[in-house]
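Worksheet: one structure, shown below.
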Amino acid sequence: MHEGEGNIMVAVALFGWIPIVRAIFKRFDARTAVAIAFVAGWMFLPVAGFKLKGIPSYSKLTATCMVILFWAWKFDKERFQEFSFGLIDLPMLAWCIAPFFSSAFNDLGVYDGLSQTMYQSITWGVPYYIGRVFFSDTDGLKLFGTAIFIGAVIYIPFCWFELVMSPQLHRLTYGFHQHNFLQTLRDGGGFRPMVYMDHGLMTATWMGLALFLGAWLFYTKELPEKILRLPSLYLLLGLGVTFLMMKSYGAIFLIFLGLMFVFLSSKMKNIWLVILLLSAPHLYVYTRTTGIWDGTNLSGFVAEKFSPTRAQSLQFRFDNEAILIKKAMEGTVFGWGGYGRSRVYDEYGKDISITDGLWIITLGQNGIFGLMALMFAVQTPVIFYLMRSDPERWSEKNRGAPTVMIVFLSLYMIDSLLNAMVNPVYMVFGGGIVSMLLKGEAAFSAKQANGSFEEPRLDMPKTRFLPSPSFQGFSRFIS
Numbered sequence: 001m002h003e004g005e006g007n008i009m010v011a012v013a014l015f016g017w018i019p020i021v022r023a024i025f026k027r028f029d030a031r032t033a034v035a036i037a038f039v040a041g042w043m044f045l046p047v048a049g050f051k052l053k054g055i056p057s058y059s060k061l062t063a064t065c066m067v068i069l070f071w072a073w074k075f076d077k078e079r080f081q082e083f084s085f086g087l088i089d090l091p092m093l094a095w096c097i098a099p100f101f102s103s104a105f106n107d108l109g110v111y112d113g114l115s116q117t118m119y120q121s122i123t124w125g126v127p128y129y130i131g132r133v134f135f136s137d138t139d140g141l142k143l144f145g146t147a148i149f150i151g152a153v154i155y156i157p158f159c160w161f162e163l164v165m166s167p168q169l170h171r172l173t174y175g176f177h178q179h180n181f182l183q184t185l186r187d188g189g190g191f192r193p194m195v196y197m198d199h200g201l202m203t204a205t206w207m208g209l210a211l212f213l214g215a216w217l218f219y220t221k222e223l224p225e226k227i228l229r230l231p232s233l234y235l236l237l238g239l240g241v242t243f244l245m246m247k248s249y250g251a252i253f254l255i256f257l258g259l260m261f262v263f264l265s266s267k268m269k270n271i272w273l274v275i276l277l278l279s280a281p282h283l284y285v286y287t288r289t290t291g292i293w294d295g296t297n298l299s300g301f302v303a304e305k306f307s308p309t310r311a312q313s314l315q316f317r318f319d320n321e322a323i324l325i326k327k328a329m330e331g332t333v334f335g336w337g338g339y340g341r342s343r344v345y346d347e348y349g350k351d352i353s354i355t356d357g358l359w360i361i362t363l364g365q366n367g368i369f370g371l372m373a374l375m376f377a378v379q380t381p382v383i384f385y386l387m388r389s390d391p392e393r394w395s396e397k398n399r400g401a402p403t404v405m406i407v408f409l410s411l412y413m414i415d416s417l418l419n420a421m422v423n424p425v426y427m428v429f430g431g432g433i434v435s436m437l438l439k440g441e442a443a444f445s446a447k448q449a450n451g452s453f454e455e456p457r458l459d460m461p462k463t464r465f466l467p468s469p470s471f472q473g474f475s476r477f478i479s
């Protein structure tokens, strides 16, 4: 059964995605095919899905992850045999099974626990696993990063269409707006593009991630000189202008903060700036859950220096968090589980709470256990990288892509304090970085037959990276 509105193109795209991914795997080597399919699927599949009895709905998210996993196994099953579960994977395992404990301790039944665990595993565990298997060295991560950059370049004309004409592409293609149209209106006029993603903020973050990757790969001389027959520098500048024109100031701040921190860390030869990024979410969660900080001083600063409207919106988030935190603390260490049990209702049964941040959603549904599992599932690859990689070498060739990815994962956890954007691509980063570091220094070089080492070279496909209908599932993104 189809969830929500839409036309026949929803079914064509989602079910047509299965043979499309097969064709991609037949045309390219398995690792390149995985990279292309993840990027194309997330960018172009409809924000819709079909309910299937007994299993998670077949949607953009589940299609992207599971269809890629299926064909990857069919075309390159030998590579999967190389995977070995280790202690470093425990945070991700804990996060994937957290919903089962939430259901069990709230008497919601084994079926509910298994169903929620399956969805969580598809959303987070499967892309992490694919990253562990297919992007286990710098060559693979560079390939994946370059694919994201190319995908964002392809997105540029789509974004400009919606900047001028308003977000209409998803409606024109699939028959419905994927999110509240009013949230695309920007202060001072204009629109924020959504294209084929859940929300304008998700699209802006995607373009910002691509800019981050492209800029640092260009700086480390790892970005191909020409992409799609155009000089990479021109494409990078075009992407930068497009990103700024989207007017997502939070995404702009985080991406340029990340670029600055990577550059300064490599020059100062220390990791303290990245540790600061890692620590910020933990400090925020601690001060909010203990009541030490209520956010009024920050919203007051925003009102005075920037915009009273934005300050009011920010304080509204803080006030909602306060009542949701209180409700969460009344539950078990594993949270309240699903079915809206973690939300707050008035005496008439009306839901009076609004959940914005992924952290507060997780705290309510999966408790302290789930929240800590989430944070360490995202941050463990970053911590591992900081322990194994000298920051003064971050600007060297073959280290550009993993360096950007670990800093972006740190920024993602900060963004999750205010938003709930779930993107499986980010977990591919985490899995790939873990596998790369488990290999040691050898992962940064490609060994020749004579035993010497040479720098891995990224061979770009000699065809244009054409967008194909892609699949994006329901994310818990709440603007």
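Per the UniProt record's numbering, residue 1 is the first one in the sequence shown, and the count goes up by one each step. Glycine is no exception: its CB is placed at the ideal position from the N, C-alpha and C atoms. In this text the structure is predicted, and so the values were computed from the model without any measurement.
With distances taken from CA atoms, which of the options is nearest residue i?
{"i": "M66", "options": "I130, P46 and V434", "result": "I130"}
{"i": "P281", "options": "L417, G6, V110 and R22", "result": "L417"}
{"i": "N366", "options": "V378, A104, F334 and M9", "result": "F334"}
{"i": "T380", "options": "M427, Y345, L363 and G400", "result": "M427"}
{"i": "K327", "options": "N297, R310, T362 and L298", "result": "T362"}
{"i": "L93", "options": "L14, A373, I325 and R186", "result": "A373"}
{"i": "residue 505", "options": "Y58, W42, R310 and F50", "result": "Summary: the structure shown does not reach residue 505, with the chain confined to residues 1 through 479, and so no result is reported for it."}
{"i": "G140", "options": "L264, V34 and W272", "result": "V34"}
{"i": "W359", "options": "I88, L185, A215 and E321", "result": "E321"}
{"i": "A401", "options": "F144, G41, T242 and A63", "result": "F144"}
{"i": "L52", "options": "A63, Q81, F44 and M43", "result": "A63"}
{"i": "W293", "options": "L283, M387 and F376", "result": "L283"}
{"i": "W71", "options": "A40, I18 and R229", "result": "I18"}
{"i": "F135", "options": "L230, K269, E82 and Q178", "result": "E82"}
{"i": "F85", "options": "T290, R132 and S279", "result": "R132"}
Look up residue i in the DSSP assignment and say whether it is helix, strand or coil.
{"i": "R457", "result": "Confidence is the limiting factor: at R457 the pLDDT is only 41, short of 50, which leaves the residue's position unreliable, though a coordinate-based value still follows. Correct three-state label for R457: coil."}
{"i": "W336", "result": "coil"}
{"i": "L230", "result": "strand"}
{"i": "L185", "result": "strand"}
{"i": "F263", "result": "helix"}
{"i": "F316", "result": "helix"}
{"i": "F369", "result": "helix"}
{"i": "S468", "result": "Any reading at S468 is ruled out, since the residue's pLDDT is 34, under 50, leaving its predicted position unreliable."}
{"i": "F191", "result": "strand"}
{"i": "H179", "result": "coil"}
Name the two residues that bound the continuous beta strand (DSSP E) containing residue i.
{"i": "L52", "result": "G49 to L52"}
{"i": "I55", "result": "I55 to S59"}
Residue i lies in the alpha helix (DSSP H); which residues open and close that run?
{"i": "D139", "result": "T138 to M165"}
{"i": "D346", "result": "Unbroken run through D346: none, as it is neither H nor E."}
{"i": "K77", "result": "K77 to F80"}
{"i": "K305", "result": "T296 to K305"}
{"i": "S435", "result": "P424 to L438"}
{"i": "D415", "result": "G400 to D415"}
{"i": "F212", "result": "G200 to Y219"}
{"i": "L277", "result": "W272 to T290"}
{"i": "L169", "result": "L169 to Y174"}
{"i": "P127", "result": "V126 to F134"}
Would you say residue i and residue j are within 8 Å of each other, going by their C-beta atoms?
{"i": "A152", "j": "W206", "result": "yes"}
{"i": "L169", "j": "Y196", "result": "yes"}
{"i": "L409", "j": "G430", "result": "yes"}
{"i": "F318", "j": "L259", "result": "no"}
{"i": "N7", "j": "G189", "result": "no"}
{"i": "G337", "j": "L90", "result": "no"}
{"i": "L209", "j": "L217", "result": "no"}
{"i": "P424", "j": "T203", "result": "no"}
{"i": "A23", "j": "I68", "result": "no"}
{"i": "P56", "j": "M118", "result": "yes"}
{"i": "K60", "j": "V47", "result": "yes"}
{"i": "G364", "j": "L411", "result": "no"}
{"i": "M436", "j": "D137", "result": "yes"}
{"i": "L239", "j": "I150", "result": "no"}
{"i": "G403", "j": "V241", "result": "Here residue 403 turns out to be Thr, not Gly, going by the sequence shown. Cβ distance not < 8 Å, so T403 and V241 don't count as in contact."}
{"i": "L254", "j": "I414", "result": "yes"}
{"i": "M246", "j": "P167", "result": "no"}
{"i": "S115", "j": "C96", "result": "no"}
{"i": "K370", "j": "S102", "result": "This sequence places Gly at residue 370; Lys is not what is there. Result yes, Cβ atoms of G370 and S102 sit closer than 8 Å."}
* Counting only runs of 3+ residues fully inside the stretch 5-53, write out the beta strand (DSSP E) ranges in chain order. => As far as the stretch 5-53 is concerned, its whole beta strand (DSSP E) runs of at least 3 residues are 49-52.
* Asked: At which residue ranges does the stretch 72-119 contain complete alpha helix (DSSP H) runs of 4 or more residues, listed in the order of the chain?
  -> For the stretch 72-119, the full-length alpha helix (DSSP H) segments reaching 4 residues or more read 77-80 and 90-105 along the chain.
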